[in-house]
Structure formats: C-alpha cells, structure tokens
Amino acid sequence: MTAAAEPVRTVAVVGAGPRGTAIIERLVAASTAPDWRGALTVHLIDPLVGRGGAVWRHDQSEVLLMNTTTCQTTMYPDESCHAVLPVLRRATLADHLADEGLAPTDFASRAAHGRYLAHVLETATATADPQRLRIVEHAAEAVDVTGPADGPQRVRLSDGRVLRADAVALALGHLPTALGPRSQQLADAAERHGLVHIGPANPLEVDYAGLLGREVVAVQGMGLNFYDAIGMLTEVAGGRFEPDPTAPSGLRYLPGGEEPRLLVGSRSGMVYRPKPDLGDRMPEPYLPEVLTGERVLELAVRSAGVDHERDVMPLMLAELRRALRSDGFPELAEDDLLLPLLFPFGRRGGEAPVPHRSTRDVLRESLRAASEPDPAWVLIYRVLIALRIQVGRLTDLGAYTTDSVRRDIDGHLRNAFASWASGPPVLRARQVLALEEAGLLEFTGPRMHLDIDEAAGRYAVRGGDGPITLCDGVLEAHLPPVDLPAYRSPLLGAWRERGEVQKDSWASRGSRRRMLTGSIAVDGLYAPVGVDDTVYERRLLVGVPVSTAQPGSAISAEPGTGAQLLRHAEAVALRLARAGGALEEDVAR
1 MTAAAEPVRT
11 VAVVGAGPRG
21 TAIIERLVAA
31 STAPDWRGAL
41 TVHLIDPLVG
51 RGGAVWRHDQ
61 SEVLLMNTTT
71 CQTTMYPDES
81 CHAVLPVLRR
91 ATLADHLADE
101 GLAPTDFASR
111 AAHGRYLAHV
121 LETATATADP
131 QRLRIVEHAA
141 EAVDVTGPAD
151 GPQRVRLSDG
161 RVLRADAVAL
171 ALGHLPTALG
181 PRSQQLADAA
191 ERHGLVHIGP
201 ANPLEVDYAG
211 LLGREVVAVQ
221 GMGLNFYDAI
231 GMLTEVAGGR
241 FEPDPTAPSG
251 LRYLPGGEEP
261 RLLVGSRSGM
271 VYRPKPDLGD
281 RMPEPYLPEV
291 LTGERVLELA
301 VRSAGVDHER
311 DVMPLMLAEL
321 RRALRSDGFP
331 ELAEDDLLLP
341 LLFPFGRRGG
351 EAPVPHRSTR
361 DVLRESLRAA
371 SEPDPAWVLI
381 YRVLIALRIQ
391 VGRLTDLGAY
401 TTDSVRRDID
411 GHLRNAFASW
421 ASGPPVLRAR
431 QVLALEEAGL
441 LEFTGPRMHL
451 DIDEAAGRYA
461 VRGGDGPITL
471 CDGVLEAHLP
481 PVDLPAYRSP
491 LLGAWRERGE
501 VQKDSWASRG
511 SRRRMLTGSI
521 AVDGLYAPVG
531 VDDTVYERRL
541 LVGVPVSTAQ
551 PGSAISAEPG
561 TGAQLLRHAE
571 AVALRLARAG
581 GALEEDVAR
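According to the working numbering, the sequence shown is numbered sequentially starting from 1.
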C-alpha cells in the first residue's frame with residue numbers, strides 16, 4: 001500500500017460485532033507501542049454500537065443461546081495467535097461471565113455474549129490514550145464509501161453525516177438479502193392466499209408472533225436457525241417447559257394456546273444433534289493420525305485434483321476406526337456401523353422408512369448420548385470436529401475437483417459435519433422433543449418439498465414420496481446465503497452500481513473450472529476488487545461477505561486455536577494504522 005502524502009489521520013471501522021470490536025481492541029494495543037506516531041482518530045460505525053452488534057445485541061431475549069461453551073470464546077489473542085502487537089488483556093467469555101454464575105462448560109445466551117463484547121469495547125475505549133488514539137462512536141449505518149483506490153475515503157452515514165478517512169475496515173457480518181426465486185414464489189403465494197411466509201433471516205429479525213394462531217406451519221431446515229425458532233416461538237406463544245422425568249425428553253410443554261403445529265424437514269432430513277454435556281472441563285482436541293496435516297498437503301498438490309469419495313472418505317473412516325479401537329470401542333469400529341451413524345438417511349438424504357419416527361429416534365438417541373454423556377459418542381464428536389477442519393483445509397487449498405465440491409462437499413458433507421459439530425445445547429434438543437411429545441411437532445424426513453396448492457389456497461408440503469400436508473405458513477429456518485448480487489445493503493448496492501465490487505470465483509485442481517461463490521472478490525485477503533480489476537486498497541473487508549477468501553474465520557474466536565478472527569483483526573488494525581500515518585509502512589510486516 002502506498003501511503004498518502006498528507007494523511008488525514010482518521011480511519012473508520014464499520015460494524016461493531018465481534019470482528020469490528022476486535023479491530024478496535026487491536027488498534028488500541030497498537031497505540032500503546034513505542035513506535036506509534038502522533039494522534040489517530042477512529043470512527044466506529046454501527047446502528048447498535050456499544051450493544052454487541054446486530055447478532056449479539058445485549059438487549060435481546062435471553063432465549064437465544066450460543067452453540068459454543070463460554071470457555072470456547074474470547075476477544076483477546078493468546079500465544080496461539082502469534083500476535084505482533086501487545087496483548088493487553090486475557091479475559092475470555094468464561095472469565096467475564098463467572099460472576100453471573102456460569103461455568104466454563106455452560107452455554108451462555110447470545111445477550112450475555114453481547115454484554116461481553118460491549119465490555120471489551122468499553123474497556124478498549126477507556127484504555128486508549130486520547131493523545132494517541134481517539135475513538136468516536138456513531139450509532140448509524142454506513143450507506144456508502146467512496147474514494148480513489150489508494151487515497152482517502154468518504155463514508156456517508158444514514159444520518160446524513162459524511163466522514164473522511166484514510167482507510168475503512170468493513171466488518172459487515174450477515175447482511176439482509178433479497179429473496180431467491182423459490183422463496184419469492186412462496187412469499188407471493190402468501191400475499192395471494194392470506195398465508196404467512198418467513199424467508200431466510202437472522203432470528204432477531206423474524207416476527208414469530210405472526211405464526212401464532214396458524215393451523216400448520218412448515219419449517220424448512222433443521223439446523224441452528226430451526227432450534228432458535230423453537231425457542232423464540234414458544235416464548236412469544238407464552239408456553240412453558242417444565243421438568244418431567246417420565247418423558248423421553250425430560251420435559252413437558254405447557255402450551256400458551258396459539259401455537260401452530262410444526263411440520264419440520266429439510267433436503268437431507270438431517271437434524272442437528274445436540275453438543276455433548278461435558279461436565280466441568282472440555283476434552284483436548286483430537287489430533288488426527290490418519291488424515292494428518294502432512295497427508296492433507298500431499299493430497300492438495302495432486303495435479304488431477306482430489307475426489308472426496310474415492311480419496312478422502314476412506315481416510316475419514318480409517319481415522320474413526322483407529323480412534324475407536326484405540327479407546328476401547330472395537331465393536332463400533334466397523335464401516336457398516338459408522339456409516340448409518342454418520343448418515344442416518346444415507347449419504348445424500350435418501351429414504352426414511354417411517355420419516356417422523358426415524359428422525360425422532362435419531363434425535364432421542366443423540367440426546368441420550370449427549371446428556372449422559374456416552375464416551376464413544378464424545379470420541380466420535382471430537383474426531384469429526386478434527387476431520388471437519390482437515391476437509392476444510394483441503395477445500396481451502398483448492399485440492400478437490402469442482403465436481404467433487406459440488407457433489408460431495410456442498411452436496412452433503414458440510415451438512416453432515418455441521419449436524420455433529422455445530423449442534424445446539426442439550427436443552428434445546430429436549431425442547432424440540434417435548435414439542436413432539438405434546439403433538440405440536442412432526443418431522444417429514446428427508447427430501448422435504450414445498451409447493452403451492454392454488455385451488456386450496458395453501459402450501460402443499462411433503463417429505464420424499466410421503467403424503468401431502470396442507471399448511472397455512474412456511475418458515476425457512478436458515479440464514480440468507482452469501483450472495484453479492486442479492487445483498488440489500490445500501491453500501492454494497494452503491495458499490496455494485498459503480499462497478500467497485502465483483503463476485504469471487506474458485507478454481508479446483510484438475511479441470512481448473514471456476515465456480516462463482518457469491519462471496520466478494522478481494523485481493524490480498526482484504527481489499528475488494530472492482531469489475532475492471534481495480535483493487536481498492538483503502539477498503540478492508542473481513543467476515544461473512546468475503547468468506548471464500550477468508551476460510552476458517554468463524555463467527556467467534558476460540559482460545560488456543562490461532563483464531564483467524566483475531567489474526568485478521570490484527571492485520572487489518574495494522575493496515576489502518578499505517579494508512580493513517582500512525583505506524584511506518586514496514587513496521588511489523
């Protein structure tokens with residue numbers, strides 16, 4: 001990056017969620033270094049600034065839960081991050097919430113995480129020496145960023161103000177997205193027939209009260225958004241869960257009176273399994289001995305590319321067999337036992353003999369194994385988390401052929417991994433089963449299909465080749481996709497119109513055929529690339545909209561893992577400080 005001759009000595013950070021907050025914390029750390037020069041102003045811009053951002057806002061309902069334990073989240077880098085800048089603090093989410101009575105292995109509410117984020121930001125602001133770094137907060141939306149590729153930028157806010165900055169970091173997270181063609185058809189049918197349709201969205205943006213009083217609502221998706229919907233819907237309905245040791249779920253649901261019956265399914269039919277209740281301490285991460293880091297690199301350089309089913313799946317099964325035998329579970333170390341355990345309805349969501357009962361039984365068994373917890377289940381859980389990382393590395397290195405990514409990784413494996421490694425707390429699985437026991441929830445099994453019965457004025461829903469059920473509501477229980485053309489963000493819309501941003505693409509080995517990803521194309525990890533290939537070096541993007549370029553950057557940072565969220569935050573903070581003239585260009589490179 002070429003430094004401006006006369007820096008404005010002002011930078012901006014758009015977004016005050018985990019990534020934006022981490023950038024501010026790293027800027028404050030940078031400002032304490034002896035080679036920091038002069039004063040720099042940083043504008044932090046977010047409608048919910050100081051409240052944790054849109055997903056984690058601290059004033060949301062306590063019903064929405066994190067799906068990681070408190071000891072698995074931090075906002076401060078540790079030794080594993082190899083930080084260049086000073087590390088001023090170490091407090092994890094577990095440390096922060098200890099006074100609230102939460103243990104390191106408890107699952108906190110998202111509001112509690114928002115309180116932690118707000119505390120980190122408040123502490124950073126209080127620590128900053130205003131003679132070196134001044135932090136100015138703006139409770140507004142950034143609606144446009146303009147300026148030359150390598151010069152000062154102008155940030156236009158929703159309140160009419162315009163800020164001038166040497167560089168801008170944009171930590172945008174999940175953005176509102178226009179409905180896809182199929183979702184739009186469902187929404188149009190709702191308008192015509194007086195039905196209710198809720199498209200993909202952040203759970204906090206959904207009006208669950210609109211589902212009350214409906215007869216049957218189809219819920220498409222059985223991942224984390226589905227579990228969030230259960231918590232929010234039962235809360236707005238005024239229902240209660242009470243302990244009941246005689247029930248398979250361990251709970252009894254007392255309805256509020258207006259709950260609809262929920263018809264729940266998905267393409268794969270795979271319901272996310274609850275994470276195991278691990279007691280007082282988390283187990284050590286599993287270290288692969290078959291699909292090792294060295295094996296990953298060996299596969300990644302094959303010129304013809306890697307086919308997952310042929311080249312990697314046998315290694316995954318061998319890893320599971322080895323782990324189970326080594327830990328004393330040889331009776332499970334057989335492929336004909338492991339495959340049905342991993343893929344209850346087949347590798348690609350095939351048939352379920354009795355769809356509702358089959359799905360319910362998978363969830364019941366996983367609840368039993370997670371809540372006891374079953375040592376073999378915990379081992380499989382640990383191995384699959386490690387294998388998920390290795391498969392992710394292969395994908396990020398471009399090892400797979402394009403066909404294998406489409407057919408195997410995107411086709412079924414990401415969902416299968418997520419159903420084991422990204423599940424909800426045990427409590428939420430109990431609540432889902434309690435609704436089933438109360439007759440308020442039914443599973444369709446795999447291959448859920450939504451159609452519109454114009455004559456009946458209802459949605460027609462079925463799983464696989466099962467019977468059709470007429471519904472007066474549809475809830476698409478998943479987040480919007482990463483899709484640059486569909487984003488409704490005013491800022492990205494302005495960039496699209498001016499040609500200052502383009503979609504990213506990914507090329508596999510072998511054919512080198514490229515796949516458009518929907519992610520934003522960036523140069524050198526952070527700088528967006530325009531349609532004429534201009535690189536906008538003074539705009540630095542991190543997070544969800546650039547997910548292809550920043551693989552492995554999770555929504556939060558886990559201690560001891562070299563968290564990319566924190567490493568990206570430090571790299572961006574350094575680039576901001578250099579652009580603003582507070583650090584020399586070659587410092588800490």
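For each residue, glycine too, the CB sits at the ideal point set by N, CA and C.
Answer with buried or exposed for residue i, where buried requires no fewer than 16 other C-beta atoms within 10 angstroms of its C-beta.
i, result
"Ser422", "buried"
"Arg589", "Any answer about Arg589 is weak, because its pLDDT of 39 lies below 50 and its placement is not dependable; what the coordinates show is given next. Answer is exposed; the Cβ neighbour count stays below 16."
"Asp188", "exposed"
"Thr2", "Caution applies to Thr2, whose pLDDT of 46 falls short of 50 and renders its modelled position unreliable; the value that the coordinates give is listed next. When all chains shown are included, Thr2 counts as exposed."
"Val136", "exposed"
"Gly17", "buried"
"His412", "buried"
"Ser665", "The requested residue 665 is not part of the displayed model; the chain covers only 1 to 589."
"Pro545", "buried"
"Ser556", "buried"
"Asp99", "exposed"
"Arg164", "exposed"
"Pro559", "buried"
"Leu337", "exposed"
Residue i: which of the options sits nearest, CA to CA?
i, options, result
"Gly159", "Pro353, Pro47 and Tyr400", "Strictly speaking, residue 159 in this sequence is Asp, with Gly absent from that position. Asp159 has its Cα closest to that of Pro47, out of Pro353, Pro47 and Tyr400."
"Leu363", "Val501, Met222 and Ile385", "Met222"
"Val382", "Leu394, Pro276 and Asp453", "Looking at the sequence provided, one finds Arg at residue 382 rather than Val. Answer by Cα proximity: Pro276."
"Leu186", "Asp451, Leu379, Pro424 and Asp532", "Asp451"
"Ala369", "Ala126, Ser61 and Pro274", "Pro274"
"Pro260", "Ala494, Val474 and Thr68", "Val474"
"Pro373", "Pro425, Pro355 and Leu338", "Pro425"
"Pro283", "Thr246, Ala108 and Ile380", "Ile380"
"Gly580", "Leu40, Leu317 and Pro490", "Leu40"
"Asp533", "Ser547, Ala171 and Ala149", "Ala149"
"His449", "Leu179, Val461, Ser80 and Pro181", "Val461"
"Val42", "Gly15, Asp35, His58 and Ala33", "Gly15"
"Pro104", "Thr69, Arg567 and Leu179", "Thr69"
"Arg406", "Glu309, Pro467 and Asp129", "Glu309"
"Leu170", "Ser489, Pro77 and Leu339", "Ser489"
Three-state secondary structure (DSSP) at residue i?
i, result
"Asn225", "helix"
"Val482", "coil"
"Pro148", "coil"
"Met415", "The sequence shown places Asn at residue 415, rather than the Met named in the question. Of the three classes helix, strand and coil, the one that applies to Asn415 here is helix, per DSSP."
"Val219", "strand"
"Gly594", "Because the chain spans 1 through 589 in this model, residue 594 falls outside it and cannot be assessed."
"Gly518", "strand"
"Glu294", "helix"
"Ala112", "helix"
"Val14", "strand"
"Ala588", "Residue confidence for Ala588 is low, a pLDDT of 42 falling below 50, so the modelled location carries little weight and cannot support an answer."
"Trp420", "helix"
"Thr92", "strand"
"Gly468", "Inspection of the sequence shows that residue 468 is occupied by Ile rather than by Gly. In this structure, Ile468 counts as coil in the three-state DSSP scheme."
"Pro314", "helix"
"Leu97", "helix"
"Leu170", "strand"
"Ile555", "coil"
"Asp410", "helix"
"Pro340", "helix"
"Pro200", "coil"
"Arg161", "coil"
"Pro248", "coil"
"Met232", "helix"
"Asp361", "helix"
"Glu205", "helix"
Throw me the rounded Cβ distance for the residue i and residue j pair, which I believe falls under 8 Å.
i, j, result
"Ala569", "Arg26", "5 Å"
"Ala376", "Phe343", "18 Å between Cβ atoms; not a contact."
"Arg513", "Thr444", "That belief does not hold up - the Cβ atoms of Arg513 and Thr444 are roughly 35 Å apart, past 8 Å."
"Leu590", "Ala112", "Since the displayed the chain opens at 1 and closes at 589, residue 590 lies outside it and no answer follows."
"Ala323", "Tyr272", "No, Ala323 and Tyr272 are not in contact; Cβ-Cβ is about 22 Å, not under 8 Å."
"Leu516", "Ser505", "5 Å"
"Leu263", "Cys471", "6 Å"
**Prompt:** Do the region 386-405 and the region 230-250 meet, that is, are 3 or more Cβ pairs less than 8 Å apart?
**Reply:** At 8 Å Cβ cutoff, the stretches do not touch.
**Prompt:** With a cut-off of 8 Å, do at least 3 Cβ pairs link the region 39-55 to the region 113-126?
**Reply:** Because the criterion of three Cβ pairs below 8 Å is met, the region 39-55 and the region 113-126 touch.
**the region 497-507 / the region 522-542 touching (three or more Cβ pairs under 8 Å)** = When Cβ pairs closer than 8 Å are counted between the two stretches, the region 497-507 is seen to touch the region 522-542, the count reaching three or more.
**Message:** With a threshold of 8 Å, are at least 3 pairs of Cβ atoms found where one atom belongs to the region 432-446 and the other to the region 290-304?
**Reply:** Taking one beta carbon from each stretch, the region 432-446 and the region 290-304 have fewer than 3 pairs nearer than 8 Å; the two do not touch.
**Prompt:** Is the region 188-197 touching the region 571-578 in the sense that three or more CB pairs, one from each, lie closer than 8 Å?
**Reply:** Contact between the region 571-578 and the region 188-197 is absent: fewer than three C-beta pairs spanning the two stretches fall below 8 Å.
**Asked** Quick one: any contact between the region 219-238 and the region 191-205, if contact means 3 or more CB pairs under 8 Å?
**Response** They touch, by the three-pair rule.
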